[in-house]
Amino acid sequence: MLLTQRRLGSALRRSLRLSAKFAFISSTTVFLLHLAGSPWVQPESWSETSLSSTWRPFARHDIALIFDENRVDYAAQLVRSAAFAGVATAARFHLVAPPGTRPLLQPVLDELGVSVEWYDYGICEQLVAPVRPFANEAIHTSALCKLFLADILKSVDRVLYFKPWEGLVCGNVPKHHRPAVFAADDAVCSPAGQPEPAQVNGGVILMELARMRRAGFADKLLRSIASTFVLADRRRATWAEQEFLNSYIRDYPDDFSLLPCGCNYQYVGLRREVKSTNAARETGNPYNQLFHHFRRNESGLPPTVSLVSDSSAYSPPGAVDIMVGFDCVGQSYPCSDPPSTPHWGDPVYVLTRTAERPRFFAAAQESVRAQTYPYIKHLIVSNDASSMAYLHGADAELAAISAGDFDPDEVCRRCDDLNEPENKCGQAPKLGKPNRQRYLECYCSTNYPMNELVNNLLRRVERVGEPGWIIILDDDNVFNSTTAVSDLMLDAAHPDQLLLFQSILGRPTPSPGAMNQPYVVRGDIDASNFMFHSSHIADALWDGRRCGDWRAIDRLANMLDIKWSTAIPISAHPQRAKLGGMGGRHDLPDRDSAANELRFR
2 MLLTQRRLGS ALRRSLRLSA KFAFISSTTV FLLHLAGSPW VQPESWSETS
52 LSSTWRPFAR HDIALIFDEN RVDYAAQLVR SAAFAGVATA ARFHLVAPPG
102 TRPLLQPVLD ELGVSVEWYD YGICEQLVAP VRPFANEAIH TSALCKLFLA
152 DILKSVDRVL YFKPWEGLVC GNVPKHHRPA VFAADDAVCS PAGQPEPAQV
202 NGGVILMELA RMRRAGFADK LLRSIASTFV LADRRRATWA EQEFLNSYIR
252 DYPDDFSLLP CGCNYQYVGL RREVKSTNAA RETGNPYNQL FHHFRRNESG
302 LPPTVSLVSD SSAYSPPGAV DIMVGFDCVG QSYPCSDPPS TPHWGDPVYV
352 LTRTAERPRF FAAAQESVRA QTYPYIKHLI VSNDASSMAY LHGADAELAA
402 ISAGDFDPDE VCRRCDDLNE PENKCGQAPK LGKPNRQRYL ECYCSTNYPM
452 NELVNNLLRR VERVGEPGWI IILDDDNVFN STTAVSDLML DAAHPDQLLL
502 FQSILGRPTP SPGAMNQPYV VRGDIDASNF MFHSSHIADA LWDGRRCGDW
552 RAIDRLANML DIKWSTAIPI SAHPQRAKLG GMGGRHDLPD RDSAANELRF
602 R
């Protein structure tokens, strides 16, 4: 922790005030997120002189709390402790909370004359969406939201974050810098089934927000989380932000400085004992008693606590020996491996063609906007001027397609004799039929100028000039889940890779027999079955004949490394078959139909 050691005076009031100040400021500070390039350098020994020369708490300090209706009284006790310690007037509180909490807490703030900035808790749901798929579902939003304070407190350069929780004292556990269990092999490295041997305590963090923004902390954090997720066999983080921060520290160790406090780490065996429930339990622990004194706003002097807890930097056995380990034998993966998802975090271009289908398109667009992957650019094209009205506000272009000598009856005239008698014109024989490929040979040779719409979109990606990955989503298709794009990007290993996957397009496409093959089958692959890197756009352009998607995919498959993903990210809109989709310009009858039939997980 960064603080100056204080001496007790003889007056009881001063002693208690300093005790509260210690409980509020000193014993809880866990680690400093300083990021590379910080002018602050960790001194070799934590003497009173070196500390006081580098850090003076609360000359004017910003403090952040994130809480919901269930922890208003926890936030109130922390503010009261600050006021009692005499630091409230030197601090500005930034409260990220639902609007309904303001009338509950405002009387306390007014009474104490505390400077406060309020922020809508709703922004937390938006900011934590990218990390939600990697965390245990039971993890509270506020625990994840702290990681994005740099995006919430945009005018603040440095902030001290406190979690409104009754266990925020170093005087609880561990009682010493290095518990005896740390001598055991399974304490140096993580035991089986555990992600870390000792975890950074995320309950209190001093954040250099300005440096975090300059260093791109959030983007680096997301990449690190995704990489660890894959290394750990796609196991969701049990301890949420603690695991996320630990994975970040392994990848970017120079971005952190650990403060010499016993709560910098928690051996997992001890950590289980202090895992908080939502109920503030009362114990005989003096720090716990101090918490409840301020929580209940009791009159009189608060209980006395030791200024220097057993786990503080000034108690025996002296300085904390900090070592960041990169390989743990108890884990299922070596920590020193290079990132397993080197391209998670790259831009993803979702390309959509649309015309005369505003309601189908609205469903497709909603599924794109619902994605948790934060680096998506949705590009749209239409060749129908009237359709531009429903594309207002979207990144859309109107493309003029020259039909030339296009004959819409060419397929029927040339290929019907090769088809099954009962099939409609353009409907190929079913999979497994002996005449299917002969029919497709004819069908795929017919003229189809509308393929130029895809080329328009691909050239627009080139004009953007930022390399990324490309997915085609037709306007009558949707992403199956909010994590569809994120799931695909977990499989993106290198730019010379063609990622193939199954989609549900009336039937599973490709069919099971065509999956996991080193080639693609004509008539059993679709534009919604592949993702590739923009560096290969020149080889991905579609020609002017039907089955342009198959020829482009086949060409890429012969050039690139094929990887089959287990993800099933795309499906046809549930009502497409009912309304005669499959390339025809039919639309949903009304918006209610789209809303009633479509639910994103």
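FYI, the numbering for the sequence shown is 2 to 602, going by this note's numbering.
Ideal Cβ positions, reconstructed from N, Cα and C, are used throughout, including at glycine.
Bear in mind that the values here come from a model prediction, so they are computed numbers and not experimental data.
- For E138, there is no enclosing beta strand (DSSP E), as DSSP marks it with neither H nor E.
- P509 is bridged by DSSP to I505.
- Closest in C-alpha terms to F163, from the list S156, A144, D111, comes A144.
- Per DSSP, E118 lies in no alpha helix (DSSP H); the unbroken beta strand (DSSP E) holding it starts and ends at 116-121.
- Remark: C-beta atoms of S512 and D527 do not approach each other more closely than 8 angstroms.
- When beta bridges are read from the DSSP output, D396 appears opposite L380.
- For K564, there is no enclosing alpha helix (DSSP H); the enclosing beta strand (DSSP E) has its first and last residue at 562-565.
- In the DSSP assignment, D74 falls within the alpha helix (DSSP H) that extends over 73-85.
- The beta carbon of R556 lies closer than 8 angstroms to those of D540, A541 in the same chain, with the five residues before and after it left out.
- Distances from the CA of F149 to each of A139, V129, E411 were compared; the closest alpha carbon is that of V129.
- Runs of alpha helix (DSSP H) with 4 or more residues, each lying fully within the region 460-535, are found at 485-490, listed in chain order.
- Note on geometry: alpha-carbon atoms of G433 and S572 lie some 23 angstroms from one another.
- T353 sits in a strand when the DSSP states are folded into three classes.
- In this structure G203 is buried. Its beta-carbon is surrounded by 16 or more other beta-carbon atoms within 10 angstroms.
- With 16 or more other Cβ atoms from the protein chains shown falling within 10 Å of its own Cβ, P570 counts as buried.
- When DSSP states are grouped into helix, strand and coil, V129 belongs to the helix group.
- Contact between L459 and I538 is confirmed by a C-beta separation of about 5 angstroms, below the 8 angstroms threshold.
- Here the alpha carbon of E112 sits roughly 10 angstroms from the alpha carbon of L106.
- Residues L501, I554 of the same chain have their beta carbon placed closer than 6 angstroms to that of F531, with the five preceding and five following residues left out of the count.
- By the Cβ rule, the region 365-373 does not count as touching the region 463-472, because fewer than three pairs are nearer than 8 angstroms.
- Look at A573 here: in three-state DSSP terms it is strand.
- Rounded to whole angstroms, the gap between the alpha carbons of C146 and G507 is 40 angstroms.
- In the DSSP assignment, R93 falls outside any alpha helix (DSSP H) and within the unbroken beta strand (DSSP E) covering 92-98.
- Here the alpha carbons of R159 and V231 stand approximately 33 angstroms from one another.
- If you look at Y249, you'll find it in the alpha helix (DSSP H) that goes 242-252.
- The shortest C-alpha to C-alpha distance from F85 to any of T484, H294, A494 is the one to H294.
- The C-beta distance from I377 to V412 rounds to 35 angstroms, too long to meet the 8 angstroms contact threshold.
- Distance from the CA of A65 to the CA of F292, rounded to the nearest whole angstrom, comes to 18 angstroms.
- If you compare the alpha carbons of H534, S482, D477 with that of P575, the shortest gap goes to D477.
- Note that the C-beta distance between V73 and T102 is below 8 angstroms.
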